[in-house]
Structure formats: C-alpha cells, structure tokens
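Step one of this worksheet: look at the structure below.
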Amino acid sequence: MMAEDRASLLEALLTLLPLDAVLCEEEEIRPYECDGLSAYRQTPMVVVLPSSVDQVRAVMRLCHALKVPVVARGAGTGLSGGALPLAGGVLLSLAKLKSILSVDPRNRSARVQPGVRNLAISEAAAPFGLYYAPDPSSQIACSIGGNVAENAGGVHCLKYGLTVHNILKLGVVTVEGDYITVGGDALDSPGYDLLALFTGSEGLLGVIVEVTVKLLPIPERAQVILAAFDDVMKAATAVGEVIAAGIIPAGLEMMDRLAIQAAEAFVHAGYPVDAEAILLCEIDGTNEEVSEHIMAVRRILQACGAGEVRTAKDDQERARLWKGRKAAFPAVGRMAPDYYCMDGTIPRQRLPEVLRRIAEWSQEYGLPVANVFHAGDGNLHPLILYDANNPGELQRTEELGGKILELCVAVGGTITGEHGVGVEKIGQMCVQFAPKELTQFHAVKHAFDPHGLLNPGKAVPTLHRCAEFGAMHVHEGKLPFPELDRF
Ligand SMILES: Cc1cc2nc3c(=O)[nH]c(=O)nc-3n(C[C@H](O)[C@H](O)[C@H](O)COP(=O)(O)OP(=O)(O)OC[C@H]3O[C@@H](n4cnc5c(N)ncnc54)[C@H](O)[C@@H]3O)c2cc1C
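So for the sequence shown, the working numbering puts the first residue at 4; every next one is plus one.
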C-alpha cells in the first residue's frame, strides 16, 4: 500500500473509532506481531480495537470499500499463526467486545461477546449450577471468538464434543460490513448448516461478534485417576482398552517422560517422575456412575500394565493433577529456548505405532520431543524442543513437524485436531486434500469473500502453492476453475 493510501486509511479509521482505538506507532503494534506461534512474526499496518458491533461493521465497510485485507484477532493464543498480521493489512482485535450479555438457565445457554475468555463463561454460569464444557488448556486467556474460529478442543471434549457441538448461534459481520445470524436458539435450524461452516473457519469467512453457547449442568461428582507406566506403548494401548470397554471418560490425557518431568518441576503436581508415561483419566457423572467406572477403569489400567494407579483423594488433589497437565506447555517451554507444538489427530488404535515412529525420528533428527496430549481423542501434541539461534535448527524442526503431520494423514488421521491450519500447516493441507476438494474450499471462500480480504494466505493453500510444495501436479499451469480468485 502506498504511503498516501495508508494515511487516508488511518484518517478514515479515525472518523469511525476513538484515537486510542487506532494503533499505528511501532511500540503500539509490536505486541500484535505474532500469536502463540512466535516463529512467524509480522507487524500489521494498523491495529484497530472496536468496542461495539457497529464499530466492527463500520471498519469492515471501510476496508471492503478500500480493498484492505483484515485479520481478526481474539486473545492471540492461537498456535498455528492464524492471527499473524499482514504488513499491508488491518489487525482487527475483538478484545474490547468482552461482555457476557446473558445467562439463560432455562435454555441452558449464554450469549457472549467474542472477546470473553473461555473460563469466564463457566465462572458466570457457575451460580446456576452450569458450565461451558470445551476447556482448552489456554482457557484462562483464550477468547470464545477464537475458540469458535479454531473449533477449539480441550480435555473434556472427548465426552462433551468440540466447540462446534457446544454452540447454538453466531452473530457474524460479513466482509461487506453486514450483520448476519447463523444457527438459532432451537435445537435445529433450516437451511445450510452455516454454524458448522463458520466454526473452524479461522477468520476467513466473517468476523464473529456474538456467540450463543450451550451450558451443561455441573456433574454431581468428578474423579481423576493417575496411572503410571514403564513403557509408553503400554499407556497407548490402555487408552484404546478403556474406550473399548464402553466407558467414555470426561478426559483421557497422556504425558510422556519429558512432559511429566517438565510439569512436575514447574507446578509440583505429584507426578511420578520415573514413569515413562502417565495417563490422567477423569470420570464424571452421578455418584454411582463415577464409583462404578472408577473401579472398571482401574482394573483395565492394571491389566494393561500400569505400575501405579492412584485415584485423587479429594478435589484439591484432583485440581493439582490437572494443573500439571494444563501447565505442561509452558513447563516444556522452560526446557529449551524454543518449542514447536504440533497438532495432529489419528485413529486411536494407531497411537502405539505413531508414538514409536515419532520417538525414532526424534533420535534421528537429534531433537527432543515431549508428548502431552488428548489421548482419548487420538489428538497428538508432540512438542519439538529446539534452539532457533542454532543455524538450521528451525528448518530441521519444521521438517520433522511436517513428517509427523504427514504420518497422521497416512494412518487415516488429520493434520489438525484443534489448533487449526493457519500459516503453519498450510503445506500439509496439500497432502490432506486433493485438488478438487481444495477447489471446493476456494468456491466457499469466494462465496463469502470474493475479493479475498479476510485473513488471506491462511488455512487453505492456493493450488499453485500445493504444486510448489510438491504435493500436487498443475499441468502446464492450468488450474481447475481458473476464473476463481485464489487466496
Ligand atoms: C498454552 C496453550 C495451550 C493451548 N491449549 C489448547 C487446547 O487444549 N485446545 C485447543 O483447541 N487449543 C489450545 N491452544 C490454542 C489456542 O488457545 C486456541 O486455538 C484458541 O481457540 C485461540 O483463541 P484466541 O482467542 O487466542 O484466538 P487468536 O489466536 O486470536 O485467533 C485464532 C484464529 O481465530 C481467528 N479469530 C479470532 N477471533 C475471531 C473472531 N471474533 N472472528 C473471526 N475470527 C476470529 C483469528 O483470525 C485466527 O485465525 C492452546 C494455546 C496455548 C498457548
């Protein structure tokens, strides 16, 4: 963008928003240069902080008229570079839209603005005996708007579903600045299921400005079991055995030796530091259900070779055991200058072989890998430890990460479980999807955003990009549907 165009954009923005809601000085915009994937950084041209839906609409109308790209941002905790700004674009922060509009215990739902923190919803619902089930480990910080845009998961999603299963309705501002409602307050709504389409759309189809979430009754009782294994493979096998027994735990998480040691040193959760792997298995429900399932799960874990099987004595111990899991990412972050968090999902029964392969590659590349993940969902989070100051180490890390994701696809899984594609996994999208499928994605994008102004360059690769990545053959440069804009 030319300097004079930039100046006129800033001038126009200042007619729509107060002075302190338009940031363009270097020291003001620097904090927005990356999300949780800090390997990629870029300051935006300008950051805007609207505090009402009308202001969001006005910003979108202006950007649409001037054909300026817009990247929406919630809390910036994303791990795939989804909120990475564009040098010539507007970064639209939803942080000031942070009101809980209503909690409706009769409909078991809450209407919230997009900047509301995930955990704040459960805090507001608690006086009614209700809570919001999806609980990403980042829940103290991440926003519900970002959760919807990423279709976030969490420990409790094994039993209660992902974000998409726990929302009813969205208010969305389109690229043209119009307000639309998708979904509804009833259980079903007519027409195409745009609610599902917008969930996980990574800011590419519209700006989410209101979310109606479902709330669930707080279970009568919840109990957690810790099982320690002397072999990762035994723990991986136990995961499948628990589910095969017909028990759906509220959460079933695995941590390997490196992750256990990091978390223990960080929060003193009481983990056995000599174990090769631990499973944390939470059971919730009525008193009777919990007692019965605890006994059954203990038996299965022991039969699978668990050395120690410990049931938390009280809520304090339960909270402590979960604290270690929830703090595992930052804990691992203390072990090396940098870490790269992967996020692939595989069919649960393939866990043992995939974990074995990752361990072999870790040796081969000379890069330690800590595993801490939603084992029950088959959602892996290998954390590759590296030092970006060592020449070539980031590239080797990215190569190893890419191989892990491609392995996930090869065993019938996907390249993302919950963190989204963003910029990080855009190459692997070419492995996951065939050109005809990607072309359908482009057609959907084109229907909502014909000029490609919303978060361009993220989530869905151009077909040319796939050709460069080596995963697709574009014959003589001829693409299917060449008239479509690519983004
Ligand atoms: C320590 C740690 C642990 C984590 N654990 C988990 C976990 O267990 N499960 C999990 O799923 N994720 C986890 N994450 C990843 C991250 O917290 C989630 O992806 C979260 O949903 C991002 O929310 P956010 O508000 O930070 O969004 P941002 O990072 O700001 O944005 C994420 C994406 O959403 C888009 N977006 C944001 N707000 C809007 C909006 N209002 N309208 C349209 N698009 C929007 C952005 O453009 C971007 O593409 C973790 C992250 C960290 C740092």
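In this text, a Cβ means the ideal position worked out from N, Cα and C, and glycines have one as well.
Are there 16 or more other CB atoms within 10 angstroms of the CB of residue i, so buried, or fewer, so exposed?
{"i": "residue 392", "result": "exposed"}
{"i": "residue 485", "result": "In this prediction, residue 485 has a pLDDT of 45, which is less than 50 and means its spatial position is unreliable; nothing more can be read from the coordinates."}
{"i": "residue 464", "result": "buried"}
{"i": "residue 139", "result": "buried"}
{"i": "residue 126", "result": "exposed"}
{"i": "residue 21", "result": "exposed"}
{"i": "residue 276", "result": "exposed"}
{"i": "residue 133", "result": "buried"}
{"i": "residue 46", "result": "buried"}
{"i": "residue 443", "result": "exposed"}
{"i": "residue 16", "result": "buried"}
{"i": "residue 374", "result": "buried"}
{"i": "residue 150", "result": "buried"}
{"i": "residue 290", "result": "exposed"}
{"i": "residue 44", "result": "exposed"}
{"i": "residue 120", "result": "buried"}
{"i": "residue 303", "result": "buried"}
{"i": "residue 398", "result": "exposed"}
{"i": "residue 183", "result": "exposed"}
{"i": "residue 271", "result": "exposed"}
{"i": "residue 142", "result": "buried"}
{"i": "residue 329", "result": "buried"}
{"i": "residue 230", "result": "buried"}
{"i": "residue 233", "result": "exposed"}
{"i": "residue 102", "result": "exposed"}
{"i": "residue 446", "result": "exposed"}
Look at residue i and residue j and say whether their C-beta atoms are less than 8 Å apart.
{"i": "residue 112", "j": "residue 218", "result": "yes"}
{"i": "residue 381", "j": "residue 354", "result": "yes"}
{"i": "residue 265", "j": "residue 337", "result": "yes"}
{"i": "residue 53", "j": "residue 78", "result": "no"}
{"i": "residue 379", "j": "residue 222", "result": "no"}
{"i": "residue 88", "j": "residue 71", "result": "no"}
{"i": "residue 61", "j": "residue 19", "result": "yes"}
{"i": "residue 118", "j": "residue 137", "result": "no"}
{"i": "residue 258", "j": "residue 281", "result": "yes"}
{"i": "residue 349", "j": "residue 403", "result": "no"}
{"i": "residue 242", "j": "residue 313", "result": "no"}
{"i": "residue 152", "j": "residue 80", "result": "no"}
{"i": "residue 63", "j": "residue 180", "result": "yes"}
{"i": "residue 83", "j": "residue 50", "result": "no"}
{"i": "residue 187", "j": "residue 172", "result": "yes"}
{"i": "residue 346", "j": "residue 422", "result": "yes"}
{"i": "residue 361", "j": "residue 385", "result": "yes"}
{"i": "residue 227", "j": "residue 283", "result": "yes"}
Identify the continuous beta strand (DSSP E) that holds residue i and give its terminal residues.
{"i": "residue 226", "result": "224 to 232"}
{"i": "residue 52", "result": "Looking at the DSSP string, residue 52 is not in any beta strand (DSSP E), and its letter there is neither H nor E."}
{"i": "residue 96", "result": "93 to 96"}
{"i": "residue 170", "result": "170 to 176"}
{"i": "residue 272", "result": "First-last for residue 272: undefined, no H or E at that position."}
{"i": "residue 373", "result": "372 to 376"}
{"i": "residue 255", "result": "254 to 259"}
{"i": "residue 250", "result": "From DSSP, residue 250 is part of no beta strand (DSSP E); its letter is neither H nor E."}
Quick check on the DSSP output: the alpha helix (DSSP H) that includes residue i runs from which residue to which?
{"i": "residue 238", "result": "235 to 247"}
{"i": "residue 404", "result": "396 to 413"}
{"i": "residue 80", "result": "That residue, residue 80, is in no alpha helix (DSSP H); it is neither H nor E in DSSP."}
{"i": "residue 447", "result": "438 to 451"}
{"i": "residue 190", "result": "Residue 190 -> no alpha helix (DSSP H), and no H or E assigned at all."}
{"i": "residue 8", "result": "6 to 19"}
{"i": "residue 471", "result": "466 to 472"}
{"i": "residue 386", "result": "No alpha helix (DSSP H) holds residue 386; the beta strand (DSSP E) holding it covers 385 to 389."}
{"i": "residue 434", "result": "432 to 435"}
{"i": "residue 213", "result": "Where residue 213 is concerned, there is no enclosing alpha helix (DSSP H), although the beta strand (DSSP E) it sits in stretches over 210 to 217."}
{"i": "residue 29", "result": "29 to 32"}
{"i": "residue 199", "result": "197 to 201"}
State yes or no: is the C-beta of residue i nearer than 7 Å to some heavy atom of ligand 2?
{"i": "residue 80", "result": "Absence of ligand 2 from the depicted structure is noted, with ligand 1 being the only ligands included."}
**Message:** Suppose only complete runs of 3+ residues qualify. What are the beta strand (DSSP E) ranges in the stretch 100 to 165, listed by chain order?
**Reply:** Assignment of beta strand (DSSP E) within the stretch 100 to 165, counting only whole runs of 3 or more residues, yields 103 to 107, 112 to 115 in chain order.
**Asked** Could you give the uninterrupted runs of the alpha helix (DSSP H) lying entirely in the stretch 287 to 362, keeping only those of 4 residues or more?
**Response** Runs found: 290 to 306, 318 to 329, 331 to 336.
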